[in-house]
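**Q** Per this note's numbering, the sequence shown starts with residue 310, numbered consecutively.
Even glycine gets a Cβ: it sits at the ideal position worked out from N, Cα and C.
Predicted, not measured: the structure shown is a model, and the values here were computed from it.
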Amino acid sequence: MKPLVLLALLALTTASAQEGFKPLFNGRDLTGWDGNPELWKVENGEIVGHTTGPEQLAYNQFLIWRGGVLKNFELRAKVKQSGNNTGIQYRSSENADKKWSIRGYQCDIHPNKPYRAMMYEEGGRGIIAQNGQSVTIDPSGVKWLVAEHDPVEADIAGWHEFTIIAQGNHLVHKIDGRVTMELTDHEEAKRSLEGLLAFQIHRGPAMSVQIKDVMLRELPEGGMKPFENDPIPSDAQVIEAKAPKARGKGKAKKEAR
């Protein structure tokens, strides 16, 4: 290894350790991870997932981290993908009737700008908050658009760092340090406060995903936002989401409050 490369890697490792992060991928093999060996492998220090076309998979599959259950945390991972789309599952649970199948919160890694690093709930409530949206789900399950900002631009065919911050019922997604969405989830019957971490292989058109520098930092307990302390703004809008589709994700429309 060249001296400059070695020094850069050492600096990255030291900085990450100082910030309290630990690596979840050793860069050599899939120790600690569980997935379909026909879909996942390690090449050049990267996790690589690949599909060949619509007939290969009957359902979305996942590479599941078996190192523990995530509660409050910050996750950072560098990802690039081509073809269909992928995602990072967290605070998720396994589907007992389908091997390597997961349901729960997802940071969507999608080529379409509105869906890029949005909040999608796999096997559940579908699209919750798109790129550029801050959303509150009230205790009855109604989704409220409480704020908007310009969507984050990123060509996901290249490397980008995706960040997930989960603290209590408040969730944040970022691309390269820029916030794409924020969610406060007050729906106790459907929200998740802990669960599994996984990377997605999406059924449908051929796709590939490359993943590296997967780093995790555990955050303190707590962080719950009570609904009575998190009122819906008077100018908020109800989000009416289409039912999720098996091979894609529907758009969302807004209705004034």
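Beta-carbon separation of Ala466 and Gln415 under 9 Å?
**A** Going by C-beta atoms, Ala466 is not nearer than 9 Å to Gln415.
**Q** Leaving aside the five residues before and after His469 along the sequence, list all residues of the same chain whose C-beta is less than 8 Å from its C-beta, in chain order.
**A** Only Lys387, Val388, Lys389, Ala463, Ile484 and Asp485 meet the Cβ criterion.
**Q** On the criterion of 16 or more Cβ atoms from any shown chain inside 10 Å, does Asp417 qualify as buried, or is it exposed?
**A** The residue is buried, with at least 16 neighbouring Cβ atoms inside 10 Å.
**Q** Taking one C-beta from the region 521-530 and one from the region 357-365 each time, how about it: are there three or more such pairs within less than 8 Å?
**A** Cβ pair count under 8 Å is below three, so no.
**Q** Report the residue from Glu496, Trp342, Ser449 and Gly329 whose alpha carbon sits nearest the alpha carbon of Phe631.
**A** Residue 631 is absent from the structure shown; the chain starts at 310 and stops at 566.
**Q** Quick one, are the C-beta atoms of Leu506 and Ile373 less than 9 Å apart?
**A** For Leu506 and Ile373, yes; Cβs fall inside 9 Å.
**Q** Is there contact here, the region 389-407 with the region 514-525, by at least three beta-carbon pairs under 8 Å?
**A** With a cut-off of 8 Å, the region 514-525 and the region 389-407 count as touching, because enough Cβ pairs lie within range.
**Q** So, Arg500 versus Ile446, is the Cβ gap smaller than 9 Å?
**A** Against a cut-off of 9 Å, the Cβ pair of Ile446 and Arg500 comes out as a contact.
**Q** Report the option in Ala438, Lys380 and Val351 whose CA atom is closest to the CA atom of Val488.
**A** Closest by alpha carbon: Ala438.
**Q** For Lys534, name the three-state secondary structure that DSSP assigns.
**A** Coil, per DSSP.
**Q** Note down the Cα distance separating Glu497 from Pro448, rounded to an integer number of angstroms.
**A** Rounded to whole angstroms, Glu497 to Pro448 spans 7 Å at the Cα level.
**Q** How many angstroms separate the CA atom of Leu384 from the CA atom of His495?
**A** If I take the Cα positions, the gap works out to 22 Å.
**Q** Leaving out five residues before and five after Ser443 in sequence, what residues of the same chain have Cβ atoms less than 6 Å from its Cβ?
**A** The answer, listed in chain order, is Val455, Ala456 and Glu491.
**Q** Can you tell me where the beta strand (DSSP E) holding His482 begins and where it ends?
**A** Element bounds for His482: His479 to Ile484.
**Q** Under a three-way DSSP split, which group does Pro363 fall into?
**A** Three-state DSSP puts Pro363 in coil, outside helix and strand.
**Q** My understanding is that Gly432 touches Asn404, with C-beta atoms under 8 Å, so please give their C-beta distance in whole angstroms.
**A** With a Cβ gap of about 7 Å, Gly432 and Asn404 count as contacting.
**Q** Mark Lys408 as exposed unless 16 or more other C-beta atoms lie within 10 angstroms of its C-beta, in which case mark it buried.
**A** The residue is exposed, with fewer than 16 neighbouring Cβ atoms inside 10 Å.
**Q** Looking at the structure shown, is Pro423 part of a helix, part of a strand, or coil, going by DSSP?
**A** Correct three-state label for Pro423: helix.
**Q** Classify Gln546 as helix, strand or coil using the three-state DSSP reduction.
**A** If DSSP states are grouped into helix, strand and coil, Gln546 belongs with the strands.
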